[in-house]
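Colleague: Sharing a structure with you now.
In UniProt numbering, the protein residues as written are 1 to 434.
In structure tokens, the structure reads:
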């Protein structure tokens, strides 16, 4: 039941990639006396780059760093693949049911992918991809990997191996012995400066009159300067690509789709666990513990994903986004496919495809039942349902044969069970307080 949230992986890889490019390009700009006209002349101070700026920085780095570490090219390829997969999914949605807003978002998405691809190729990504594909087809008997793990991403990012770059306009070398000499000289100069001694309290002499000596009043500052964080104080997670409104909307769509996909996968897994409790004698305590873990996983993903989209994480907002405002019209857009993998594992063949029940998979029925319960409970505050609600849930039949029941009958049966259970839960906990 491990979480594989592709959006969080995409954000992590993007932040690490921008961190490396910014830090490396800053070292080059500080070291090279003359730079071409098509590259930035000033260092980056906030860890944020535009789409076009990313391409310029990548071209600058490619002229002085060769080869680029595999640990950088691999997440770069992962970022491009993540954006391309979402773009292909959106294209399929537009083909099935045209939507002008989604088409505009796709156009912005395509521009972003093209810029990422150009920056990736500038860093030697095309040659790296071909070498990787060739290695995958002909694996070496001595080693089972393709070389991506030779450079650890943590070492490349945080070892400051490019801080001590000594560059000329044509070549770049890394000096491992001379590590940040300027900072060391500055620290020595600061340590050599005499410190002002402060008088200890209670040791000062009083005047003959016995009065306290009044010091000069310090004039209040006209304005308190806002502290601007330095680049070294900015965490890796805050490095990002600045996008326009369409780009932000596209990222939100990516976040919503991956978040919903994760909870569907977890829900399907937990349904299998509780089935084992009902039919295969699995201990219900185990299933309960796994359910709590699944809920915490969803909460963790929610907090991590929607921190960049404040006030856009409520369930209703997510549902309106993914169903484009109407679950009924969204029916038929989403589906599941079953593929058969070839014996060599290099190709797949689609065996079956079917549409999913949007209201069921996206928990819309459960959400509506919860809202109806809260609205009904607030009408009386007595722990008892109102008469209209009681007429709906009072005749719940625990012995109903669900296999023979129709789809509508099963929904009504589950709704009655859910609201009855919610009233029981509230009454049990409120009786303890009373």
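We put the beta carbon where it would ideally sit given N, CA and C, even for glycine.
Span of the alpha helix (DSSP H) holding residue 431?
Modeller: For residue 431, the uninterrupted alpha helix (DSSP H) run begins and ends at 407-433, by DSSP.
Colleague: With DSSP run on the structure shown, which of helix, strand or coil describes residue 261?
Modeller: Here residue 261 sits in helix by DSSP.
Colleague: What are the partner residues of residue 63, as DSSP defines its beta bridges?
Modeller: Answer is none; residue 63 lacks a bridge partner.
Colleague: What does DSSP give as the partner residue(s) for residue 399 in the beta ladder?
Modeller: For residue 399, which the question treats as bridged, DSSP gives no partner whatsoever.
Colleague: Would you identify the three-state DSSP class for residue 281, choosing helix, strand or coil?
Modeller: The answer is coil: DSSP assigns residue 281 none of H, G, I, E or B.
Colleague: How is residue 308 classed by DSSP in three states: helix, strand or coil?
Modeller: helix
Colleague: Check whether the region 248-257 touches the region 298-317, taking contact to mean three or more Cβ pairs, one atom from each stretch, closer than 8 Å.
Modeller: The region 248-257 is in contact with the region 298-317.
Colleague: Go ahead and pull the three-state DSSP assignment for residue 169.
Modeller: Annotation note: pLDDT 45 at residue 169 (below 50); position unreliable, no value reported.
Colleague: I think residue 57 touches residue 25, with their Cβ atoms under 8 Å apart; what is that distance to the nearest whole Å?
Modeller: 5 Å
Colleague: For residue 115, I'd like the list of residues in its chain whose CB is within less than 8 Å of its CB, leaving aside the five on either flank, ordered along the chain.
Modeller: 51, 52, 54, 55
Colleague: Would you report the Cα separation of residue 77 and residue 289, rounded to the nearest angstrom?
Modeller: 37 Å
Colleague: Helix, strand or coil for residue 178? Go by DSSP, reduced to three states.
Modeller: Residue placement at residue 178 cannot be trusted, given a pLDDT of 44 that sits under 50; what the coordinates show is reported in the next sentence. Residue state, collapsed to three classes: coil.
Colleague: Within the present structure, is the beta-carbon of residue 37 separated from the nearest heavy atom of the ligand NAD by less than 8 Å?
Modeller: By its list of ligands, the structure shown contains no ligand whatsoever, and the ligand NAD lies outside what it can speak to.
Colleague: Tell me where the alpha helix (DSSP H) around residue 375 begins and ends.
Modeller: 364-380
Colleague: Check each candidate in 385, 401, 355, 90 and name the one with the smallest Cα separation from residue 422.
Modeller: The shortest Cα separation from residue 422 among 385, 401, 355, 90 belongs to 385.
Colleague: Provide the residue(s) that pair with residue 335 in DSSP beta bridges, ordered along the chain.
Modeller: 355
Colleague: Whole angstroms is fine: what's the gap from residue 284's alpha carbon to residue 246's?
Modeller: 47 Å
Colleague: On the criterion of 16 or more Cβ atoms from any shown chain inside 10 Å, does residue 432 qualify as buried, or is it exposed?
Modeller: By the 10 Å Cβ count, residue 432 comes out exposed.
Colleague: For the alpha helix (DSSP H) containing residue 317, list its first residue and its last residue.
Modeller: 315-322
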